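Here the sequence shown stands for residues -19 to -1, 1 to 263, where the numbers follow mature numbering (1 follows the signal peptide of the UniProt record, and there is no 0). By construction, the Cβ of each residue, glycine as well, lies at the ideal position given by its N, Cα and C atoms. These numbers were taken from a predicted model, which means no experiment stands behind them. Since the structure comes first, as structure tokens, the remarks are kept for the end.
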Amino acid sequence: MRATSAGLVTLALISAAYAQESNADLVAKLRAAPAHTDRIALLTDNQFVFDFLNPKTGITTGSAGHTVSANSENYPAVIGNGVSMTIGFLGPCGLNTPHTHPRATEINFAVNATLRTGFLAENGARFVFNDVPAGSVTIFPQGVIHFEQNQGCEPAMFVAAFNHEDPGVDQIAQRYFGLPPDVVGATLGGLGVEEVAGLEAKIPNNVAYGTDECLKRCGLTRPDPQLTSQRQPRNDGNVLPAGFSGPLAPSSTPAKAATTPPASTATTGSKAAIKGMRGGKR
């Protein structure tokens, strides 16, 4: 039995590696195609469809929900078309933590609940804040720091469309605290590197639990700790002080691995919302 299990694991790893290599091969061919008709010819019919409710890749998971992204990395049909999309499945009070998209403007549609949103552009720009009710959209210009929080006590879903096939995403807290600890400490007015490392270790994965006001109103308790696996990898340039550890930076960046989203009310509630919008039909 052990030998059989080990064999299955090995086979799964080989299959995953082959799938990544095959996808990279297809992406390279699509980028090299001389015309739009050539790109269409390279794809099968079903490769033009991406299932956000049963994704195999593109998943980012936190304690209060998850997001699913379809972009040039995992949905090659967008290559040459200048678009991509992310769906957010936010549990009660779930917060899509402050982040930026360095290569794209985002238009965000609130599907079934009110989203608390805001963004900051460059130095000197005013803060823009909105509560976006279900059925409404808001826009986040390219590169701005922005967030979305489910203000309700039921699961919420949003649809974010981008004008770039590879919009990129930078979670602000993780990336900022991923800088050299002494630089972070100096920027924060002289915190010690140990204090910085202690704070960095507590930064929760996206999607995180949101504000205390929402949690209290919904009768929820913030887990302690929340998931913290999205920390910045470390190398000689941004190493943590002695006694603290973080993920190590690889010598070369591998393809992003998929994380299976938890079977949470964020997912099941959003599926129910979609079913309701279809008039109860599947």
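Exercise for the section: Compare the Cα-Cα distances from T192 to each of A167, A45 and R20 and report the closest residue. Expected result: Taking the sequence shown and counting its residues from 1, one reaches residue 192 at position 211. Nearest of A167, A45 and R20 to T192, Cα basis: A45.
Practice task
For V118, count neighbouring C-beta atoms within 10 Å of its own C-beta (all shown protein chains included) and say buried if the count is 16 or more, exposed if not.
Solution key: By one-based count along the sequence shown, residue 118 stands at place 137. By the neighbour-count rule (16 or more Cβ atoms within 10 Å), V118 is not buried but exposed.
Exercise for the section: Look at the Cβ atom of T48, then the Cβ atom of G69, and state whether they are nearer than 8 Å. Expected result: Here residue 48 is taken as the residue at index 67 of the sequence shown, counted from 1. Here residue 69 is taken as the residue at index 88 of the sequence shown, counted from 1. Yes, the Cβ-Cβ distance between T48 and G69 is below 8 Å.
Practice task
Have a look at I184 and E87 and give me their C-alpha separation to the nearest angstrom.
Solution key: The residue labelled residue 184 in the question sits at position 203 within the sequence shown. The residue labelled residue 87 in the question sits at position 106 within the sequence shown. Straight-line Cα distance between these residues: approximately 25 Å.
Practice task
Output yes or no for whether 8 Å exceeds the beta carbon distance between G61 and L23.
Solution key: Residue mapping note: residue 61 aligns to position 80 of the sequence shown, counting from 1. Residue mapping note: residue 23 aligns to position 42 of the sequence shown, counting from 1. Here G61 is not near L23, since their CB atoms are 8 Å or more apart.
Exercise for the section: Give me the Cα-Cα distance between F143 and P83, rounded to the nearest whole angstrom. Expected result: One-based indexing of the sequence shown puts residue 143 at position 162. One-based indexing of the sequence shown puts residue 83 at position 102. Taking the straight line from one Cα to the other gives about 11 Å.
Practice task
Take every Cβ of the stretch 17 to 36, pair it with every Cβ of the stretch 167 to 187, and state whether three or more of those distances are shorter than 8 Å.
Solution key: In this structure the stretch 17 to 36 does not touch the stretch 167 to 187; the number of beta carbon pairs closer than 8 Å is below three.
Practice task
Let me know the secondary structure DSSP gives S3 once reduced to three states.
Solution key: In the sequence shown, residue 3 corresponds to position 22, counting from 1. S3 falls in the helix class under three-state DSSP.
Exercise for the section: Decide if V165 is buried, meaning its Cβ has at least 16 other Cβ atoms within 10 Å, or exposed. Expected result: Reading the sequence shown from its first residue, position 184 is the one you call residue 165. So V165 ends up on the buried side.
Handout entry: Proximity below 8 Å, CB of T67 to CB of G124
Key = For the purposes of this step, residue 67 is taken as the residue at position 86 of the sequence shown. For the purposes of this step, residue 124 is taken as the residue at position 143 of the sequence shown. No; because the gap between Cβ atoms is not below 8 Å, this pair is not in contact.
Exercise for the section: Just mark N104 as buried or exposed, buried being the case when its beta carbon has 16 or more other beta carbons within 10 Å. Expected result: The sequence position of residue 104 within the sequence shown is 123, counting from 1. Under this definition N104 is an exposed residue.
Handout entry: G72 classed as buried or exposed, judged by whether at least 16 other C-beta atoms fall within 10 angstroms
Key = If you number the sequence shown from 1, residue 72 lands on position 91. By the Cβ-count criterion, G72 is buried, with 16 or more other Cβ atoms from all chains shown falling within 10 Å of its own Cβ.
Handout entry: Member of G218, V174, S65 and M138 whose CA lies at the smallest distance from the CA of H145
Key = One-based indexing of the sequence shown puts residue 145 at position 164. Cα-wise, what sits closest to H145 is S65.
Exercise for the section: Can you tell me which of D32, P161 and T78 puts its alpha carbon nearest to the alpha carbon of G218? Expected result: For the purposes of this step, residue 218 is taken as the residue at position 237 of the sequence shown. Selected option, being the one with the closest Cα: P161.
Handout entry: Counted within 10 angstroms of its Cβ, other Cβ atoms place V30 as buried (16 or more) or exposed
Key = For the purposes of this step, residue 30 is taken as the residue at position 49 of the sequence shown. The residue is exposed, with fewer than 16 neighbouring Cβ atoms inside 10 Å.
Practice task
Throw me the rounded Cβ distance for the L76 and F128 pair, which I believe falls under 8 Å.
Solution key: Residue 76 sits at position 95 when you count from the first residue of the sequence shown. Residue 128 sits at position 147 when you count from the first residue of the sequence shown. With a Cβ gap of about 7 Å, L76 and F128 count as contacting.
Problem - Cross-strand partners of T38 (DSSP beta bridge) - result: Residue numbering aside, residue 38 sits at position 57 when the sequence shown is read from its first letter. None; T38 has no bridge partner.
Handout entry: CA nearest to the CA of T202, picked from A9, C74, V174 and D163
Key = Taking the first residue of the sequence shown as 1, we reach residue 202 at position 221. Distance check between T202 and each of A9, C74, V174 and D163 places C74 closest, using alpha-carbon atoms only.
Handout entry: Whole-angstrom distance between D147 and E175, CA atom to CA atom
Key = Position 194 of the sequence shown, counted from the first residue, corresponds to residue 175. Position 166 of the sequence shown, counted from the first residue, corresponds to residue 147. Between E175 and D147, the C-alpha separation is close to 36 Å.
Practice task
Could you spell out the range, first to last residue, of the alpha helix (DSSP H) harbouring T18?
Solution key: To locate residue 18, count along the sequence shown from 1; it is residue 37. Unbroken alpha helix (DSSP H) run through T18: H17 to L23.
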